[in-house]
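Under numbering that gives the first Met the number 0, the residue at position 69 of the sequence shown is numbered 68, and the numbers go up by one with no gaps. Where a beta carbon is used, it is the ideal one built from N, C-alpha and C, also for glycine.
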Amino acid sequence: MFNEIELLRWQKATLPEELEHDLQTSEDLQDQFYRYLEFGTGGMRGKMGAGPNRINIYTIRRAASGLAEYLHEIGRYQNGVAISFDSRIHSRDFAIETARVLAAKDIPVFLSEELRPTPELSFMVREFKAAAGVMITASHNPSIYNGFKVYDEAGCQITPEAADQILAFMAEKEDIFAIPVTDSELIQTIGSEIDDLYLKKAEVVTKRPNLIADKGSELKIVYTPLHGSGRKLVTTSLQNAGFKNVHLVPEQSEPDGEFKTVQSPNPEEVESFKLAFQYGKKKHADILMATDPDADRLGVAVLNEEMDYQILTGNQLGALLFYYLLSEKDEVTSNDYLVTTVVTNDLGRKIAERYGASHTETLTGFKFIGEKIAEFEKEGKQFLFGYEESYGYLVAPFVRDKDAIQAALLTAEMALYFKEKGKSLLAVLDELYEKFGYHAEALLNLAFEGEDGSEAMNELLIKLRKTDVFPHVAQKIDFKNGHLDLPKTNMLLFCFDEGDRVFIRPSGTEPKCKIYIQVVRASAEKAQKAVEELKEMILQHV
Numbered sequence: 000m001f002n003e004i005e006l007l008r009w010q011k012a013t014l015p016e017e018l019e020h021d022l023q024t025s026e027d028l029q030d031q032f033y034r035y036l037e038f039g040t041g042g043m044r045g046k047m048g049a050g051p052n053r054i055n056i057y058t059i060r061r062a063a064s065g066l067a068e069y070l071h072e073i074g075r076y077q078n079g080v081a082i083s084f085d086s087r088i089h090s091r092d093f094a095i096e097t098a099r100v101l102a103a104k105d106i107p108v109f110l111s112e113e114l115r116p117t118p119e120l121s122f123m124v125r126e127f128k129a130a131a132g133v134m135i136t137a138s139h140n141p142s143i144y145n146g147f148k149v150y151d152e153a154g155c156q157i158t159p160e161a162a163d164q165i166l167a168f169m170a171e172k173e174d175i176f177a178i179p180v181t182d183s184e185l186i187q188t189i190g191s192e193i194d195d196l197y198l199k200k201a202e203v204v205t206k207r208p209n210l211i212a213d214k215g216s217e218l219k220i221v222y223t224p225l226h227g228s229g230r231k232l233v234t235t236s237l238q239n240a241g242f243k244n245v246h247l248v249p250e251q252s253e254p255d256g257e258f259k260t261v262q263s264p265n266p267e268e269v270e271s272f273k274l275a276f277q278y279g280k281k282k283h284a285d286i287l288m289a290t291d292p293d294a295d296r297l298g299v300a301v302l303n304e305e306m307d308y309q310i311l312t313g314n315q316l317g318a319l320l321f322y323y324l325l326s327e328k329d330e331v332t333s334n335d336y337l338v339t340t341v342v343t344n345d346l347g348r349k350i351a352e353r354y355g356a357s358h359t360e361t362l363t364g365f366k367f368i369g370e371k372i373a374e375f376e377k378e379g380k381q382f383l384f385g386y387e388e389s390y391g392y393l394v395a396p397f398v399r400d401k402d403a404i405q406a407a408l409l410t411a412e413m414a415l416y417f418k419e420k421g422k423s424l425l426a427v428l429d430e431l432y433e434k435f436g437y438h439a440e441a442l443l444n445l446a447f448e449g450e451d452g453s454e455a456m457n458e459l460l461i462k463l464r465k466t467d468v469f470p471h472v473a474q475k476i477d478f479k480n481g482h483l484d485l486p487k488t489n490m491l492l493f494c495f496d497e498g499d500r501v502f503i504r505p506s507g508t509e510p511k512c513k514i515y516i517q518v519v520r521a522s523a524e525k526a527q528k529a530v531e532e533l534k535e536m537i538l539q540h541v
């Protein structure tokens, strides 16, 4: 519902010129003022602009104030908060405003002096033994977005319970223009020393350092940070390990919050690899890598038989990395664990079973994988690897979120290892498919913008719950009612007669409904045909 009182408050306030201009010229005030931005376990994310339903210095201050009150409530405020930011427009400004709000509440701050990746922020929290962390980022979203992402003392994204408490404190702030800020000695600037500490820790990711030292220069790598924060740590970690033949896509190597060379800086999308494809051909690269602006997601492309570059899906790269990790271990036991999310396909699980490792699933979101790692530490279990289909991977748990720097390093080593054996990564993937079935997949994103869109998405999910929309469904599972030992969540699973699976859930960070299609067949052609048939059927009914 449109909030006229809030609009009047904004119209009376003295605003920065950019926000004042947006308020005066906007044709979308209904959307900007019908609610406050949602705040959940992923923090807060949205378009930048004026109003409570936008990311701006005032909604950032409101979120920071809620976090400050929460830390006082739980008695951890004296441990401080680590803050970092990516290359997005105003990310540095929002990080500084967050620090000023926390300092005004007598909370020490470890503020990054320059842009740094999200996984490094998770590392900062753990290294400084901070009570919490804040990352200013909107991950892989288009340039008009930004966000406020909160981490707990373990460097893991906050739990639903913590998010609810922070949101309750945020709701008490009736006037977001009256939130106190201060510049204080409590704000400590963190420089390149944290990079050195991270890079030292990252050395544990490599499993065959002698191979890299001897042959690393023979692997030709083209890398693009997509104008984001990954350049320094990705290139340095690769070069430190012994990969000296690393080439940056020049047009995308510098930070740029407008992401001028791509529509969306998302390594999941083919369009983001366009320049890397061209540069890879020029450099005769064996492998292409791309990270999103906050360098938590890694996309990889490799040469196929036609000598064209083919992008690996998150499911494919995750399974390959896990297979590689298992193949280099002297002994694998049931105490060694793979952790994946429920919407990740079953190939990793099948590999784990074949080698004698254990596998556990979590809900969608890497925060749940981070929570599992903490459980394993208490129970004496060994975390081997974690991944999700959306290009997120974690090798070494000195970070508690997906980490593209670690993933890039292990991917390069894996590619080199198999190259020395005369195999491409696609050939290795085919070997896995021969053993475990040809897995194919698709992801459909249905956009639901604004207040009307939110209502339409809810109506769709209600319809899917109440009626038998799809034919040939053997089982329908509603995760809102609970499934296995997983927490309840707003997601549906349709299991079809041939074992095909379709998950449907609202995105946790964007106004869209995500539909995950997974099939397994005896051949690649049959698997892809089944995916296309399922896509067509689903789009007809939703």
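Asked: Compute the Euclidean distance between the alpha carbons of Leu185 and Ala103, then round it to the nearest angstrom.; Found: 9 Å
Asked: Apart from the five residues on each side of it in sequence, which residues of its chain come closer than 8 Å, Cβ to Cβ, to Val301?; Found: Asp285, Ile286, Leu287, Tyr308, Gln309, Leu311, Ala414, Ser423, Leu424 and Leu425
Asked: DSSP three-state label for Gln262, please.; Found: coil
Asked: To the nearest angstrom, how far is the alpha carbon of Gly79 from that of Phe122?; Found: 14 Å
Asked: Measuring alpha carbon to alpha carbon, tell me which of Pro264, Glu3 and Arg500 ends up nearest Ala526.; Found: Arg500
Asked: Nearest CA to the CA of Pro15: which residue from His482, Gly132, Gly50 and Glu171?; Found: Gly50
Asked: Distance check for Gly317 and Arg99, CA to CA, integer angstroms please.; Found: 40 Å
Asked: Are there 16 or more other CB atoms within 10 angstroms of the CB of Thr410, so buried, or fewer, so exposed?; Found: buried
Asked: Look at the alpha carbon of Ile56 and the alpha carbon of Glu267, and state the distance between them as a whole number of angstroms.; Found: 30 Å
Asked: So, is Gln315 buried or exposed, given that buried needs 16 or more other C-beta atoms within 10 angstroms?; Found: buried
Asked: If we count the other Cβ atoms within 10 Å of its Cβ and call it buried at 16 or more, is His20 buried or exposed?; Found: exposed
Asked: Could you give the C-beta distance for Ile88 and Gly256, rounded to a whole number, given that I count them as a contact under 8 Å?; Found: 4 Å
Asked: Does DSSP put Lys380 in a helix, in a strand, or in coil?; Found: coil
Asked: Taking three-plus beta-carbon pairs below 8 Å as touching, is the segment 225 to 241 in contact with the segment 354 to 362?; Found: no
Asked: With a threshold of 6 Å on Cβ separation, who are the neighbours of Val398 within its own chain once the five nearest residues in sequence on each side are excluded?; Found: Pro118, Ser121 and Phe122
Asked: Quick one: measure Cβ to Cβ for Arg125 and Ala94, integer angstroms, because I've assumed they're closer than 8 Å.; Found: 19 Å between Cβ atoms; not a contact.
Asked: Give me the residue from Tyr144, Leu7 and Glu96 with the minimum Cα distance to Arg53.; Found: Tyr144
Asked: Out of Glu17, Thr24, Tyr35 and Ala12, state which residue places its alpha-carbon closest to the alpha-carbon of Phe1.; Found: Tyr35
Asked: Looking at C-alpha atoms only, which residue of Leu428, Glu5 and Gly39 is the closest neighbour of Asp30?; Found: Glu5
Asked: If we ignore side chains and look at the alpha-carbon of each, how far apart do Tyr157 and Val149 end up?; Found: Inspection of the sequence shows that residue 157 is occupied by Ile rather than by Tyr. Going from the Cα of Ile157 to the Cα of Val149 covers about 6 Å.
Asked: Since Gly45 sits in a beta bridge, which residues does DSSP pair it with?; Found: Asn145
Asked: What residues in its chain sit with their C-beta under 6 Å from that of Glu450, if we drop five residues either side in the sequence?; Found: Tyr33
Asked: Select from Met306, Tyr386, Gly313 and Asp213 the residue whose C-alpha is nearest the C-alpha of Thr340.; Found: Tyr386
Asked: Should Lys511 and Arg504 be called a contact, given that it needs their Cβ atoms to be closer than 8 Å?; Found: no
Asked: Is the segment 179 to 199 touching the segment 373 to 393 in the sense that three or more CB pairs, one from each, lie closer than 8 Å?; Found: no
Asked: According to DSSP, is Tyr35 part of a helix, a strand, or is it coil?; Found: coil
Asked: Helix, strand or coil for Met134? Go by DSSP, reduced to three states.; Found: strand
Asked: Output yes or no for whether 8 Å exceeds the beta carbon distance between Glu378 and Cys155.; Found: no
Asked: Hey, Pro224 and Ser263 are a contact pair by Cβ (cut 8 Å); roughly how many whole angstroms apart?; Found: Not a contact, Cβ separation roughly 15 Å.
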